[in-house]
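These notes are about the structure you will find just below.
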Amino acid sequence: MKAVNQGSGIANFDCADIYQEHGYLVRLTKGREAKVQVFEVFGRPPTEREAQWAPETILRCEASRDVWDVISPELRSEFNRRLKTEGKPSGRWGADETAVQRLLGKELLVLLWAVELPDVKPEEVAVAIRNWVGLKAEERWWLYTMTAAATGLAHQYGMGWRGALRQALCFGTRNDAFHLGAVAGRGTLAPRANESYAPAGGKPKRAKPKKSTPDDPGFLFAPPLPAE
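The working numbering applies: residue 13 is where the sequence shown begins, and numbers increase by one.
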């Protein structure tokens, strides 16, 4: 990974200096097969003996620019809404690179992982955005943690939790309408006569008390008679 331009000049969402903060870097490539790449960056302050320093990175996702162009405005709106409630400056996506605060970067990846494969249809992307917006931040963090623990590298697309994210967030299209409306596995117990049933206008019948017999299991456990 090439070094990013150090300092606060880079576009960001609550991450002023990716070199000194643990966060995520969104990089947009150019050319015929333009892509979006998301790196986790383990930024840290340099020590006094380091004339230069280069934080470690992990490539977490690589997807088509087409899908990124669809989801990035939704991500920007959600992130800036949250930053506003915290009294922080709003962010923007840069033309080349954008630094993203650590927790926001996790949420970004949950959505991008769900729609990263080329066979995801536009309707599925729209549904995934809607479902992602409906999640709480804490729910997105949990989904990220579970996914990144087993299949969090760029080349592990469609595997394990990455595939599960697509199934979960992209579910709800018109093709899923049958599954959403169908109710399977419901039924009733065998009918039982209602001894208190009364026809319209009639009086309910009183159930006659049942006498215990030696064949009744409860007969064996009847309370003893009082002593005379």
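Glycine included, every Cβ here is placed at the ideal spot set by N, Cα and C. Keep in mind that this is a model prediction, so the values were computed, not measured.
Which of helix, strand or coil DSSP assigns to Glu98: coil
Range covered by the alpha helix (DSSP H) that runs through Gly5: The structure shown does not extend to residue 5, since the chain is modelled only from 13 through 240, so no value can be given for it.
Residue closest to Gln32, alpha-carbon to alpha-carbon, out of Phe183, Ala202 and Gln64: Gln64
Alpha carbon of Gly43 to alpha carbon of Asp131, nearest angstrom: 21 Å
The stretch 199-210 contacting the stretch 168-179, beta-carbon criterion three pairs below 8 Å: no
Proximity of Phe51 and Ile70 at Cβ, strictly below 8 Å: yes
Cys73 - partner residues in DSSP beta bridges: Cys73 is bridged to Val50.
Beta-bridge pairing of Glu150 - partner residues as DSSP gives them: Answer is none; Glu150 lacks a bridge partner.
Distance, Thr97 Cα to Ile30 Cα: 23 Å
Segment contact, 8 Å Cβ cut-off, at least three pairs: the stretch 72-82 with the stretch 48-62: By the C-beta criterion, the stretch 72-82 is judged to be in contact with the stretch 48-62, since at least 3 inter-stretch pairs fall below 8 Å.
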